[in-house]
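A.B. asks:
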Amino acid sequence: MQKQTKAIRIQADKSQNREHSVPLYLTSSFAFESAEQGKALFEETEEGNIYSRFSNPNVSEFVAKVCMLENAEDGIATGTGMAAVFASMAGLLKSGDHLVACRALFGSAHQIITQILSKWGITHTYVDASATEAEWEAAMQPNTRMVYLETPSNPGLELVDLEMLGRLKQKYGFILNVDNCFATPILQTPIDFGADLSVHSATKYMDGQGRVLGGIVVGRADLIQPIRFFARHTGPSLSPFNAWVLSKSLETLDLRMERHCRNALQLAEALDAHTDVERVLYPFLPSHPQYDLAKRQMSAGGAIVTIELEGGFERVSAFFDALQIPTLSSNLGDSRTIVTNPNTTTHAKLKPEEKAALGITPGLIRISVGLEAIEDLIDDFTQAVEKSADVVKEKVA
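Positions in the sequence shown are counted from 1; adding 1 to them yields our numbering.
1) Assuming Met-69 is part of the alpha helix (DSSP H), what are its boundary residues?
2) Under 8 Å, do Ile-228 and Ser-89 count as touching if we go by C-beta distance?
3) Of the residues Ile-192, Phe-314, Ala-222 and Ser-248, which one's Cα is nearest the Cα of Gly-215?
4) Return the residue from the list Leu-359, Leu-310, Ile-187 and Glu-355 that minimises the CA-CA distance to Leu-70.
5) Take Leu-372 and list the residues in its own chain whose beta-carbon comes closer than 6 Å to its own, dropping the five residues that flank it on each side.
6) Would you be able to state if there are at least three C-beta pairs under 8 Å between the stretch 261-268 and the stretch 3-19?
7) Am I right that Gly-105 and Leu-359 are in contact with their C-beta atoms under 8 Å? What's the rounded C-beta distance?
8) Using the Cβ count rule (16 or more neighbours within 10 Å means buried), how would you classify Trp-137?
9) In chain order, which continuous runs of the alpha helix (DSSP H) of length 4 or greater are located wholly inside the stretch 228-258?
10) I think Gln-334 touches Gly-157, with their Cβ atoms under 8 Å apart; what is that distance to the nearest whole Å?
11) Which of the three DSSP states is assigned to Glu-354 in this structure?
12) Please state the DSSP three-state secondary structure of Cys-262.
13) Check whether the stretch 162-179 touches the stretch 118-125, taking contact to mean three or more Cβ pairs, one atom from each stretch, closer than 8 Å.
14) Could you pull the start and end residues of the beta strand (DSSP E) that Ala-78 belongs to?
15) Using a Cβ-Cβ cut-off of 6 Å (strictly less than) and excluding sequence neighbours within five positions of Val-64, which residues of its own chain qualify?
16) Whose C-beta lies closer than 7 Å to the C-beta of Leu-27 among residues of the same chain, with five residues either side of it excluded?
17) What's the gap between the Cα of Ala-110 and the Cα of Thr-6?
18) Leu-382 to Ser-369, Cα distance in whole Å?
19) Whose CA, out of Trp-245, Ser-154, Lys-205 and Ser-29, lies closest to the CA of Lys-66?
20) Ignore the nearest five residues each way along the sequence and tell me which others in Ser-331's own chain have a CB closer than 7 Å to its CB.
21) Can you tell me whether Phe-320 is buried or exposed, with buried defined as 16 or more other CB within 10 angstroms of its CB?
22) Between which two residues does the beta strand (DSSP E) containing Glu-151 stretch?
23) Only counting the same chain, and skipping five residues up and downstream in sequence, which positions put a Cβ closer than 7 Å to that of Ala-140?
24) Going by beta carbon distance, what residues of the same chain come within less than 6 Å of Glu-134, once the five residues before and after it are set aside?
25) Using alpha carbons as the reference points, say which of Ile-305, Pro-353, Thr-276 and Ala-203 lies closest to Gln-384.
26) Are Ser-53 and Ser-29 close, meaning C-beta to C-beta below 8 Å?
27) What separation, rounded to the nearest whole angstrom, lies between the Cα atoms of Asp-223 and Glu-74?
28) Could you please give the first and the last residue of the uninterrupted beta strand (DSSP E) stretch that includes Asp-180?
29) Kindly indicate which three-state DSSP category Val-370 falls into: helix, strand or coil?
30) I need the straight-line Cα distance from Leu-150 to Cys-103, nearest angstrom please.
31) May I have the straight-line CA-CA distance separating Ile-361 from Arg-10, to the nearest angstrom?
32) Where do the ends of the beta strand (DSSP E) carrying Arg-280 lie?
33) Can you give me the C-alpha to C-alpha distance between Ser-199 and Thr-190, rounded to a whole angstrom?
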């Protein structure tokens, strides 16, 4: 069967009630049929549910679907995307290890690497997303245990060559850990390029409607095992209800991403042609500096468009005031179009020099393109660009 079919048909075993839709297993624990079974379950000589912090039928169904979509051997779900990112690092790294990471990272991932892992004696080296293979290789140290990256990155939409890092992994033996949230398994499967782990904030496109929080790590079974041990004993569990919602949402992920990507490309093209827009970044725009790489490792450009307006935060504020359709929020991956200014929201805690290295300027705007009629979105963004330009010009005059 095709993946689209499996995403719909994979589900937990039916109960004696023969339900068509998988029920919610809202229980903290599970009963044992005998003392012997309880002993066997804890000894792990028998598989089964014990406690919902460890496993739950709704969570297991969600994990099985994502493993299938990502071509992964095993996985573990968590309460949030950042819990998944943290578990994928903390479950595998120890004091004395070295981490190589792409410089273009979400703000919280940057804080984990620089402020939390550093307290445990785990060092790091940042490499630019556009670095050559030789530059990535130069960052490797004898104690390099993991390479972590986002592709495309948040919010600059920088790409990292996964095939190239897959080659370096074979040479140096590090764990290749890829945040695949922006692309989703529909547009990109890092494991097919040699990645060992693929991490997601399921809060974003896997949910797709801004309802629930969740995260997931999938990949090699031997690496998931220590991550599962870490999560089992530290408790970043995904709730059964959220897992049920996310599993249902995966049934429409393919359809939603098709519309998201079509809308995003058309909006990017329209804004790129507008003289009052300073810069437009979108992986499938020919003007994107890594357009050829995007076409090689992604099946479509994703749902995020990043633009820059001249005039700094004053222009951004006027632009947001003029918009009629989008929501102003720091979230993304919703059916509704969302805009935010990373300089003052998602990456506000970064130092000025760190923002400069990532290209995060006061006039940068991240657009999470939704599922609305594209004609309405283009009209709204166009009028907001023009109205905000006039506001800034009037103040200057």
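Just so you know, even glycine gets a beta-carbon here, dropped at the ideal spot from N, CA and C.
C.D. replies: By the coordinates alone:
1) Counting from one through the sequence shown, the residue named residue 69 turns up at place 68. 58-71 is the span of the alpha helix (DSSP H), which, as asked, contains Met-69.
2) Position 227 of the sequence shown holds residue 228. Position 88 of the sequence shown holds residue 89. Their beta carbons are under 8 Å apart, which means Ile-228 touches Ser-89 by this criterion.
3) Mapped onto the sequence shown, residue 215 falls at position 214. Comparing C-alpha distances from Gly-215 to each of Ile-192, Phe-314, Ala-222 and Ser-248 shows the shortest one belongs to Ser-248.
4) Looking up residue 70 in the sequence shown gives position 69. It is Ile-187 whose Cα lies nearest to the Cα of Leu-70.
5) Residue mapping note: residue 372 aligns to position 371 of the sequence shown, counting from 1. Closer than 6 Å at the Cβ level, and outside the excluded window around Leu-372, lie Arg-260 and Ser-336.
6) no
7) Against the sequence shown, residue 105 aligns to sequence position 104. Against the sequence shown, residue 359 aligns to sequence position 358. Per the sequence presented here, residue 105 reads as Ala, with Gly not at that position. That pair is a contact at about 6 Å.
8) For the purposes of this step, residue 137 is identified with residue 136 of the sequence shown, where counting begins at 1. It counts as buried.
9) 241-251
10) The residue given as residue 334 occupies position 333 in the sequence shown. The residue given as residue 157 occupies position 156 in the sequence shown. The identity of residue 334 in the sequence shown is Gly, whereas the question assumes Gln. With a Cβ gap of about 17 Å, Gly-334 and Gly-157 do not count as contacting.
11) Here residue 354 refers to the residue found at position 353 when the sequence shown is read from its first residue. Note: Glu-354 maps to helix in three-state DSSP.
12) One-based indexing of the sequence shown puts residue 262 at position 261. Of the three classes helix, strand and coil, the one that applies to Cys-262 here is helix, per DSSP.
13) Touching, no, given that fewer than three Cβ pairs across the two stretches are closer than 8 Å.
14) Mapped onto the sequence shown, residue 78 falls at position 77. In this chain, the beta strand (DSSP E) harbouring Ala-78 covers 75-79.
15) Mapped onto the sequence shown, residue 64 falls at position 63. Taking Val-64 as the centre and dropping the five residues before and after it, the same chain places the C-beta of Gly-76 and Ala-78 closer than 6 Å to its C-beta, in chain order.
16) Translated into positions along the sequence shown, residue 27 becomes position 26. Non-local beta-carbon contacts of Leu-27 in its own chain, meaning distances under 7 Å to residues more than five positions away in sequence, involve Pro-241 and Phe-242 in chain order.
17) Numbered from 1 along the sequence shown, position 109 holds the residue referred to as residue 110. Numbered from 1 along the sequence shown, position 5 holds the residue referred to as residue 6. Taking the straight line from one Cα to the other gives about 34 Å.
18) Position 381 of the sequence shown, counted from the first residue, corresponds to residue 382. Position 368 of the sequence shown, counted from the first residue, corresponds to residue 369. Checking the sequence shown, residue 382 turns out to be Phe, not Leu. Computed Cα separation, rounded: 13 Å.
19) Translated into the one-based positions of the sequence shown, residue 66 becomes position 65. Among Trp-245, Ser-154, Lys-205 and Ser-29, the Cα nearest to that of Lys-66 is on Trp-245.
20) Here residue 331 corresponds to residue number 330 of the sequence shown, with the count starting at 1. Closer than 7 Å at the Cβ level, and outside the excluded window around Ser-331, lie Thr-341, Thr-346 and Thr-347.
21) Stepping through the sequence shown from its first residue, residue 320 is reached at position 319. By the neighbour-count rule (16 or more Cβ atoms within 10 Å), Phe-320 is buried.
22) As a working mapping, residue 151 is identified with position 150 in the sequence shown. Its beta strand (DSSP E) spans residues 145-151.
23) Here the question's residue 140 lines up with position 139 in the sequence shown. Only Val-101, Thr-126 and Val-128 meet the Cβ criterion.
24) Translated into the one-based positions of the sequence shown, residue 134 becomes position 133. Cβ within range, chain order: Met-165.
25) The count along the sequence shown starts at 1 and reaches residue 384 at position 383. Ranking Ile-305, Pro-353, Thr-276 and Ala-203 by Cα distance to Gln-384 puts Thr-276 first.
26) Along the sequence shown, read from residue 1 onward, the residue named residue 53 stands at position 52. Along the sequence shown, read from residue 1 onward, the residue named residue 29 stands at position 28. Yes, the Cβ-Cβ distance between Ser-53 and Ser-29 is below 8 Å.
27) Along the sequence shown, read from residue 1 onward, the residue named residue 223 stands at position 222. Along the sequence shown, read from residue 1 onward, the residue named residue 74 stands at position 73. For Asp-223 and Glu-74, the distance between alpha carbons rounds to 9 Å.
28) Locating residue 180 in the sequence shown gives position 179, where the first residue counts as 1. Unbroken beta strand (DSSP E) run through Asp-180: 176-180.
29) Position 369 of the sequence shown holds residue 370. Three-state DSSP puts Val-370 in coil, outside helix and strand.
30) Sequence index remark: in the sequence shown, residue 150 carries index 149 (1-based). Sequence index remark: in the sequence shown, residue 103 carries index 102 (1-based). The alpha-carbon atoms of Leu-150 and Cys-103 are separated by roughly 5 Å.
31) Looking up residue 361 in the sequence shown gives position 360. Looking up residue 10 in the sequence shown gives position 9. The straight-line gap separating the alpha-carbon atoms of Ile-361 and Arg-10 is approximately 42 Å.
32) What you label residue 280 is simply residue 279 of the sequence shown in a count that begins at 1. Arg-280 -> beta strand (DSSP E) spans 280-282.
33) Indexing the sequence shown from 1 puts residue 199 at position 198. Indexing the sequence shown from 1 puts residue 190 at position 189. Looking at the two C-alpha atoms, the distance is approximately 8 Å.
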